[in-house]
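So the sequence shown is numbered by UniProt numbering: it starts at 1 and just counts up by one. Take a look at the structure set out below.
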Amino acid sequence: MEGEFVKSVEDGVHLAKRIYFGKDRAVAPPKPMTAMEKASLSYLPESPMLYAVIGDPAIVDNPDIPSYQPHVHGRCDPPALIPLQMNGISLEADCYLDTAFITVTGSWRVHCVMGSRSCDCRIAVPMGEQGSILGVEVELPRKSYSTKIVTLDDESETEKVAKIEDGCFLKPHIFTLSIPQVDGGTNISVTIRWSQKLLYCNGQLTLDVPFSFPDFVTPAGKKISKKEKIQLNVNSGPGIEVICKSTSHPLKERQRQAGKLGFFYESDVLNWSRANFVFSYAVSSSHTYGNVLLQSPPPLDSDQREIFCCSLFPGDQQCRKVFRKEVVFVVDISGSMKGKPIEDTKQALCTALSKLDSQDLFNIIAFNSEKYLFSSSLELATKKSIENATQWIGTNFIAGGGTNILNPLTQAMEMFSYTQQHIPIIFLVTDGAVEDERHICNVLKSHLMQKQMICPRLYTFGIGLFCNHYFLRMLAVMSRGHYNAAYDVDSIEVRVEQLFSRASSVILANIAFENLDGLEEFEVFPTPVPDLSSKGLLVLSGRYRGVFPDTLQAKGVLADLSNFSLDLKAIQTKDIPLDKVLARQQIELLTAQAWLTENKDLEQKIAQTSIQNGVISEYTRMILIETDKGKVVTESTSKRKVSTAPKKIEEAKLQKKTLLQNLGAGFGNYSATIENISPGATETKPETAEILAMAASNCCGKMCDICCCMCCIRTCSKMNDQCAIVLTQFLGSLACLGCFACCELCCSGNDG
1 MEGEFVKSVE DGVHLAKRIY FGKDRAVAPP KPMTAMEKAS LSYLPESPML
51 YAVIGDPAIV DNPDIPSYQP HVHGRCDPPA LIPLQMNGIS LEADCYLDTA
101 FITVTGSWRV HCVMGSRSCD CRIAVPMGEQ GSILGVEVEL PRKSYSTKIV
151 TLDDESETEK VAKIEDGCFL KPHIFTLSIP QVDGGTNISV TIRWSQKLLY
201 CNGQLTLDVP FSFPDFVTPA GKKISKKEKI QLNVNSGPGI EVICKSTSHP
251 LKERQRQAGK LGFFYESDVL NWSRANFVFS YAVSSSHTYG NVLLQSPPPL
301 DSDQREIFCC SLFPGDQQCR KVFRKEVVFV VDISGSMKGK PIEDTKQALC
351 TALSKLDSQD LFNIIAFNSE KYLFSSSLEL ATKKSIENAT QWIGTNFIAG
401 GGTNILNPLT QAMEMFSYTQ QHIPIIFLVT DGAVEDERHI CNVLKSHLMQ
451 KQMICPRLYT FGIGLFCNHY FLRMLAVMSR GHYNAAYDVD SIEVRVEQLF
501 SRASSVILAN IAFENLDGLE EFEVFPTPVP DLSSKGLLVL SGRYRGVFPD
551 TLQAKGVLAD LSNFSLDLKA IQTKDIPLDK VLARQQIELL TAQAWLTENK
601 DLEQKIAQTS IQNGVISEYT RMILIETDKG KVVTESTSKR KVSTAPKKIE
651 EAKLQKKTLL QNLGAGFGNY SATIENISPG ATETKPETAE ILAMAASNCC
701 GKMCDICCCM CCIRTCSKMN DQCAIVLTQF LGSLACLGCF ACCELCCSGN
751 DG
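Here is the structure:
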């Protein structure tokens, strides 16, 4: 879909050159691009965009100034996507803890379609780190559209099911949605909402929002006002000092309080923003610290227990000691990893090996249907052993065979020495699903119940959509590890390096809470508590009943094996929507638990949380609601004796509901794993010439099966002249189809 989308936009940009804007132009005609500019140009959206979906190129024209261009024959297949010109854009970002809520409101015009014709319009929304779409609202003169999350039981109320391209993820971070039949010249107002994670590095949190607009969305008219607006609010909670570090756009500070910052920017611009909106701020402290926020649930919340959120910040102390590691890399080399997945995994693994400390121990297990060991035991991470491991990876990482995860995991757990000086880590990378996933979880759970001071941590990494990401998440949660994924194969290297960086920088392990005896109920997500790394803050959440203590005591073990204790002050807060901030984390963790236990009540709870907070889940679906605003009619007064002012009556609003495609990651695809289908593989559509040639050959083949040669000769000898002419023309047309296919094949190999 990505490749088809890029080609459609490229075709649309070329098709838009037909449009005549008159003499009053603010933009110069496009200059020919150099080879370097063409190589760097990407037609994937890097900001919220709207496109006109053009199947018939003849409708492309200026709706205000018809150009009367020559008629274009044929149709665009796939339809071309012409980027619509944008008249105004507004970005609002609210940052809480490690999460940002983004609202983008913009105005676009269908500037490329005749006023008497209409076309579909496609919205594309690129999102930042771990983006999750929350909702889209569209306003047209006579209609409006909005999205809504519903349960699986409510699907029956929808009138139709949307095609895949009408509402889906083009890439893991790009959501697309189609709006049907918008008239040429119409102004479209769109509001888009999503959430994303803040990046954490060296004590700084960074917000990175896609906000880079291409030149061709700038309106052509000189007199068209172009207003750009950005509003930013940061709230890290009471008692935490927030310091602005850097910003990509000229923001003006308008609020500064304890734990809060507010900024604003508004300007009339000649050209839209050419860069992402990036804002970095520090939560000042050199030592590990944190807080606990308490809040009552919303009145309509299905769970009326009190809400709490605990945040642990690692601080920015550079000299803090990290745990020594015993690492076993368990890497999938099955047939589905062939090509880019295996090559990028090899590169990321070699990078991870180079970052091991000389006192760390490591080993590598490659697996498909069998398992292959770099060494029979753990090796010290010397320069020589890392060079040998790198060569072994290049020789033995050859994609082929099936997928068996249990055997290599079991062997990896048997390799650890379980000494107190090292933290044992299994780093699992896979792109497939297996039948015995629940059994693997039970085997791991029984192993973790053994009384080691520091149990093995699983850092799990999933590639593509065919592996069961909830299985991998469950393995990580059960062992106090962490999980990450590359739904897009292009991000494997970056994501693997991020996860390993977190695994290799643990500063506090075996975290637990004390002095909670006064609570009637206490539920925390995730359980058990993951380790704290210097590469990221740790956010825990949950529900409780009873009187929460004024101070929550967090305990753990430091890298020098000394005990650590931290008193976290509990603070009531009302200006941070904790239920919204924590909803996605809780849904993902509960979904993994529901998958493992096959608990229907838990599935229902997840669906309720999903609907209340507008967050996509595996047990809910998104629908598109079309609302007809109705016509305003004037009531006739001709029959009345006394003349009165005409009364306006608005017709009842009609709604249509369309069910979008499932937007969840799913629970893996065992059939695709068995067939060794690579992540991101798509079916190749046959060319038109191939279809016609196949049809012609099939037709001739069937005729030959029905009639033998002698029958044909006898039949032809009895034909009159007119029948012979018709038959000759028919057979000639079939021959032309075959020649057409050959011509297409020949021409595809050259520029002419």
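Glycine is no exception: its CB is placed at the ideal position from the N, C-alpha and C atoms. This one's a predicted model, so the numbers in the text were calculated from it and none came from an experiment.
Cβ-Cβ distance between SER146 and ILE576 below 8 Å: no
Buried or exposed by the 16-neighbour rule on C-beta atoms within 10 Å, applied to HIS482: buried
DSSP beta-bridge partners of GLU92: THR103 and GLN231
Meets three-Cβ-pair contact criterion under 8 Å: the stretch 163-172 and the stretch 60-76: no
Where SER638 sits in the DSSP three-state scheme: With a pLDDT of 43 at SER638, under the threshold of 50, the modelled position of this residue cannot be trusted; read the value that follows with caution. Coil, per DSSP.
Where ARG305 falls: helix, strand or coil (DSSP): coil
Assigned exposure category for HIS14 - 16 Cβ within 10 Å defines buried: exposed
Three-state class that DSSP yields for TYR68 in the structure shown: coil
Which residues DSSP lists as bridging ILE188, in chain order: TRP108
Contact set for LEU558: own chain, Cβ-Cβ below 6 Å, skip 5 residues either direction: PHE564
Euclidean distance between Cα positions of TYR487 and PRO172: 6 Å
The stretch 387-407 in contact with the stretch 430-443 per 3-pair CB rule at 8 Å: yes
Buried versus exposed, by CB contacts within 10 Å (16 or more), ARG502: buried
Identified DSSP bridge partners for PHE329: ILE364 and PHE427
CB contact flag (ILE149, ILE611, <8 Å): yes
Length of the line joining the Cα atoms of VAL161 and HIS469: 26 Å
Three-state secondary structure assigned by DSSP to MET622: strand
Reduced DSSP category for LYS629 - H, G, I as helix; E, B as strand; rest coil: coil
Burial state of MET127 (16 or more Cβ within 10 Å): buried
CB contact below 8 Å: GLY185 versus chain C: Included in the structure is just one protein chain, with no chain C present.
GLU588 - partner residues in DSSP beta bridges: Per DSSP, none; premise fails for GLU588.
Segment contact flag, the stretch 297-315 with the stretch 377-387, C-beta cutoff 8 Å, min 3 pairs: no
Span of the beta strand (DSSP E), counted from its first residue to its last, around ASN291: 289-295
TYR670 - DSSP class collapsed to helix/strand/coil: helix
Buried or exposed (CB count within 10 angstroms, at least 16 for buried), TYR68: exposed
TYR470, enclosing alpha helix (DSSP H) - first and last residue: 469-478
Rounded C-alpha distance that separates ARG18 from TYR670: 49 Å
Under 8 Å between C-beta atoms of ASP537 and PRO314: Sequence inspection shows Leu at residue 537; the Asp mentioned does not correspond to that position. Result yes, Cβ atoms of LEU537 and PRO314 sit closer than 8 Å.
Beta-carbon gap between LYS574 and ASN613 smaller than 8 Å: no
DSSP state of ILE133 mapped onto helix, strand, coil: strand
Backbone CA spacing between SER446 and ALA512 [nearest angstrom]: 20 Å
Test item: CB-CB of ASP61 and MET114 under 8 Å: yes
Buried versus exposed call for SER195 [16 or more other C-beta atoms within 10 Å across all chains shown]: buried
Segment contact flag, the stretch 512-521 with the stretch 490-499, C-beta cutoff 8 Å, min 3 pairs: no
Counted within 10 angstroms of its Cβ, other Cβ atoms place VAL209 as buried (16 or more) or exposed: buried
Coil, strand or helix - ILE511 by DSSP: strand
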